[in-house]
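In this note's numbering, the protein residues as written are 10 to 398. For glycine and all other residues, C-beta sits at the position ideal for the given N, C-alpha and C. Take a look at the structure set out below.
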Ligand code: FAS
Ligand code: PHB
């Protein structure tokens, strides 16, 4: 088999890139390790930057997003049993859109099916070959058969645990990592959200986040230990702990219910440099990970897709290879700013083991300065709604 671009990974990065390439008349095959149903069963991001919404519009798959997504022009920050609101649109004329990553991925799969894009599921033993030559290829096994796909480029959209990043030689790759000493226990519940906007809370018992998917579907998180297990948390235990971590004004109106999904995610910051090698490009979680506190994971994958799609379009349509040559430099410039913001939000809002009294006062001062200072709020707003591509 031959194609122009092989995309490894059928998550949001790979699907969005595949749709944009298809619309530009560039042929791509997507290789996905799981089934479509499995991919859609993962509950992940919930907040979309304006840039991602724009890419979905550009890809022609934003109809449901525009109809069912909720625009938020502010967020609540809570600490010391009190809270304050940051109005994003006081500082930048862009809201964020609340629309689950699951729905983004569903819309992209539906669109790919409509246009007849080639997607292979339950793909095993993916191997990238000859990536530094003019004739790269990808081999894999599908339904027990070995397949070799010759191509011009390989896009590694296969997430943190994929194979693409390893195709960059260890003596070429530089990996930057910070593992946080806690995780997030997340619950999805068929209950109305506690507040119409997100509530980020720093409490003496740890971080909590009140989010949502729609007016009857809520998403809540509490900071937990790295060693914790969902088996340690009954629904009632989770709700009791969440109530202890958010201001009483919200706790008193929290509607609880059965958890329809419960999971624990580890928190880390990670960046691989470079994000390209020969004819291989890394995109999304294959290249970088952020703690979800700043809602930057999916959104930074989207900016990678923007740079990579435009580079490939420039190569194939304009016969200009300057974009593909500078992809990594351009993508990393924005990636590191998202890493910084995610680290800053995480440091400000979580309780760290062995935090000294001085550390706690600094955290308190950070929150007080954010509450009082418009420039501090502007900086949060500009980063939260999304830096320009
Ligand atoms: P993904 O990991 O989504 O997709 C990669 C795809 O590649 C997967 O479908 C996988 O099956 C496939 N794959 C892997 N190896 C392969 C191989 N060898 N061959 C073929 N296919 C292969 N971000 C936020 O902004 N907010 C959040 O609240 C949030 N919560 C998260 C919770 C968890 C548990 C995780 C893991 C991530 C979370 N994220 C969150 C980040 C998340 O949304 C990612 O940024 C987003 O999924 C990135 O999309 P992709 O780059 O497509 O990677
Ligand atoms: C979510 O709704 O899942 C969500 C929202 C904002 C975050 C993280 C997760 O910062």
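Judging by CA-CA distance, which residue of the options is the nearest neighbour of residue i?
i           : options            : result
residue 149 : 15, 87, 206, 255   : 15
residue 303 : 288, 356, 111      : 356
residue 236 : 211, 273, 224      : 273
residue 310 : 251, 298, 263, 321 : 298
residue 84  : 220, 75, 192, 152  : 220
residue 281 : 341, 229, 271, 196 : 341
residue 108 : 18, 380, 227, 269  : 227
residue 233 : 172, 190, 202      : 190
residue 77  : 55, 195, 98, 373   : 55
residue 351 : 335, 394, 156      : 394
residue 119 : 65, 217, 142       : 65
residue 252 : 328, 51, 87, 44    : 87
residue 114 : 153, 97, 147, 68   : 68
residue 13  : 25, 144, 117, 123  : 144
residue 275 : 63, 151, 239       : 239
residue 347 : 373, 398, 319      : 398
residue 203 : 184, 377, 229      : 229
residue 305 : 286, 336, 320, 354 : 354
residue 392 : 183, 369, 47, 59   : 59
residue 51  : 133, 122, 112, 223 : 112
Rounded to the nearest angstrom, what separates residue i and residue j at their Cα positions?
i           : j           : result
residue 293 : residue 22  : 6 Å
residue 365 : residue 165 : 42 Å
residue 301 : residue 35  : 33 Å
residue 225 : residue 11  : 46 Å
residue 360 : residue 214 : 7 Å
residue 70  : residue 363 : 47 Å
residue 171 : residue 381 : 44 Å
residue 250 : residue 212 : 11 Å
residue 177 : residue 194 : 33 Å
residue 137 : residue 173 : 8 Å
residue 168 : residue 31  : 22 Å
residue 261 : residue 246 : 16 Å
residue 192 : residue 338 : 31 Å
residue 396 : residue 28  : 23 Å
residue 205 : residue 33  : 39 Å
residue 38  : residue 93  : 48 Å
residue 188 : residue 127 : 37 Å
residue 244 : residue 385 : 37 Å
residue 248 : residue 156 : 49 Å
residue 399 : residue 331 : Examination of residue 399 is not possible in this model, given that the chain is present from 10 through 398 alone.
residue 327 : residue 139 : 25 Å
residue 91  : residue 75  : 33 Å
residue 271 : residue 199 : 13 Å
residue 389 : residue 210 : 15 Å
residue 146 : residue 19  : 18 Å
residue 387 : residue 377 : 15 Å
residue 283 : residue 321 : 18 Å
residue 142 : residue 158 : 15 Å
Beta-carbon separation of residue i and residue j under 7 Å?
i           : j           : result
residue 40  : residue 135 : yes
residue 3   : residue 349 : Given a span of 10 to 398 for the chain in the structure shown, any question on residue 3 remains unanswerable.
residue 104 : residue 82  : yes
residue 100 : residue 288 : no
residue 268 : residue 181 : no
residue 324 : residue 333 : yes
residue 255 : residue 296 : no
residue 290 : residue 317 : yes
residue 24  : residue 117 : yes
residue 53  : residue 110 : yes
Could you check what DSSP says for residue i in three-state terms: helix, strand or coil?
i           : result
residue 246 : helix
residue 91  : strand
residue 135 : strand
residue 23  : helix
residue 54  : coil
residue 66  : helix
residue 170 : coil
residue 111 : helix
residue 305 : coil
residue 32  : helix
residue 336 : helix
residue 77  : helix
residue 355 : helix
residue 365 : coil
residue 393 : helix
residue 234 : coil
residue 197 : strand
residue 320 : helix
Is any beta-carbon of chain C found at less than 7 Å from that of residue i?
i           : result
residue 131 : Note that chain C does not occur in the displayed structure, where there is just one protein chain.
Looking at residue i and the ligand MN, is the gap between the Cβ and the nearest heavy atom below 6 Å?
i          : result
residue 58 : Because the ligand MN does not appear in the structure shown, any question about it cannot be addressed here, the ligands present being the ligand FAS and the ligand PHB.
With distances taken from each beta carbon to the nearest heavy atom of the ligand PHB, which residues come in below 5 Å, in chain order?
Residue selection by CB proximity (closer than 5 Å to any heavy atom of the ligand PHB) returns 55, 56, 220, 228, 301, 304 in chain order.
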